[in-house]
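*Asks:* Under the working numbering, the first residue of the sequence shown is numbered 29, with each subsequent residue one higher. The beta-carbon is built from N, C-alpha and C at its ideal position, and this holds for glycine as well. Got a structure for you, questions after.
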Amino acid sequence: MEKEWVPGLEELEAGARVSARKHLDSAVEDIDEKFGPGTAVRHPALVAGYMQTIAAEHLAGMTKWYLGDHVRALHAVSLQVKATLSDLADRLSED
């Protein structure tokens, strides 16, 4: 079985910097578009909130993606266990 590639710390840090810059630019653009030019600079808390929201959504999406496979596998196992227990109960009730 081939080992899955996992990014190293340097790759993760580089990707995070690029992503943060992209989202920071989007935050300033979106806030200024919504509330008027210069609002993002005058109200950095709005930018911080925007960035926190992006981070939370990203984390939720990654968690759902990662855990999704595991949850589906556990569900399949639980169905098999249920079927096996039902079969066992039927066999025991025959005696």
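1. Which whole-angstrom value describes the C-beta separation of His-51 and Met-79, a residue pair presumed to lie in contact below a C-beta threshold of 8 Å?
2. Count the other C-beta atoms from every protein chain shown that fall within 10 angstroms of the C-beta of Ala-55, then say buried if there are 16 or more, exposed otherwise.
3. Any idea what DSSP makes of Pro-35, helix, strand or coil?
4. Buried or exposed: where does Leu-120 fall if 16 or more other Cβ atoms within 10 Å of its Cβ makes it buried?
5. At which residues does the alpha helix (DSSP H) containing Glu-85 begin and terminate?
*Replies:* From the atom records:
1. The Cβ separation is near 6 Å, so the contact holds.
2. With 16 or more other Cβ atoms inside 10 Å of its own Cβ, Ala-55 counts as buried.
3. The three-state reading of DSSP puts Pro-35 in coil, since its state is none of H, G, I, E or B.
4. The residue in question, Leu-120, is exposed, as its Cβ has fewer than 16 Cβ neighbours within 10 Å.
5. Annotation: the continuous alpha helix (DSSP H) that includes Glu-85 extends over 72-122.
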